[in-house]
Structure formats: structure tokens, C-alpha cells
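K.L.:
Count along the sequence shown from 1, then add 22; that gives the number in our numbering. Quick one: the structure is below, and I'll ask about it shortly.
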Amino acid sequence: MGEPRRDHYLEPATDNDTETVLEAAIDDLGTLRGLSWLGDAPTRLHLLVSLIAEAERRLPQAVADARDQECSWAQIAELLGVKRASAYQRYHGRTARNRTPLDPD
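Put into C-alpha cells, the structure is as follows:
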């Protein structure tokens, strides 16, 4: 028998630490790109969206790594803040390294 169905999920954690790291990342990326005035709202928006896009690009590999370390789809879903079925549907075909695409756990 598998893990019980979950009808809830945990939100990703955001707090002062997360905010501090993200602010530093925005500033650092702006500096690396040679943007002169980081207080400009469109510049900050560009930088924030760039960081979000990079994080989203990395998610499939992070999920694959979690699966390689024997995390279940339920555990991964909880970490992603979604239901198990959503995590499985979104990532199962994109993360398999040594698994069949329909790995059920």
C-alpha cells in the first residue's frame, strides 16, 4: 500500500531570510549585468523575472535529483507546495534518469 492521499499541501516558506537572499540576488544580478541604477522599477522587475525564470528552469533537475535520492512523489509534491498528482503530471516525463516514465510511487 502506498502513502495516504493528501488533501492538503504546504506552502513554500517565505520569511525574512528568503527576502534578504532574494534582495541580494536582485542586486548582485544587476551588478553582474552592469545595470547602473537598481532603484529603477522596470530594472528590478526585469531582474526579478530573470531570477524566477532561472529557478523554474532548474526545478526539473532538482526534482530528478530528489527522485534519485529516493524521495517519493508525495514528498516532492509537499516540497513544491502542490498535490502529488500535480507534481507527478508535471515532472515525471521530464525527470526520469533510470526510471520508466510511469514510475508510480
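C-beta atoms are modelled at their ideal positions from N, C-alpha and C, and glycine is treated no differently.
#1: I'd like to check one pair, I48 with L73: are the Cβ atoms closer than 8 Å?
#2: Counting along the chain, where does the alpha helix (DSSP H) carrying L57 start and finish?
#3: Mind reading off the beta-carbon distance from T53 to W59? Whole number of angstroms is fine, and I expect it under 8 Å.
#4: Shortest alpha-carbon distance to L44 belongs to which of V71, L102 and K105?
#5: Can you list the alpha helix (DSSP H) stretches of 4 or more residues lying completely in the segment 55-103, in chain order?
#6: According to DSSP, simplified to helix, strand and coil, what is T36?
#7: Taking the alpha-carbon positions, what's the L51 to L69 distance?
#8: Can you grab the Cα-Cα spacing for the pair E100 / R106, in whole Å?
#9: Among A109, L67, E41 and E76, which residue has its Cα nearest to the Cα of A86?
#10: With 16 as the cutoff for other CB atoms within 10 Å, does T42 come out buried or exposed?
P.N.:
So, from the listed chains and residues:
#1: yes
#2: Here L57 belongs to no alpha helix (DSSP H), and DSSP marks it neither H nor E.
#3: With 8 Å as the limit, T53 and W59 do not qualify as a contact, their Cβ atoms being about 12 Å apart.
#4: V71
#5: 63-90 and 95-102
#6: coil
#7: 7 Å
#8: 7 Å
#9: A109
#10: exposed
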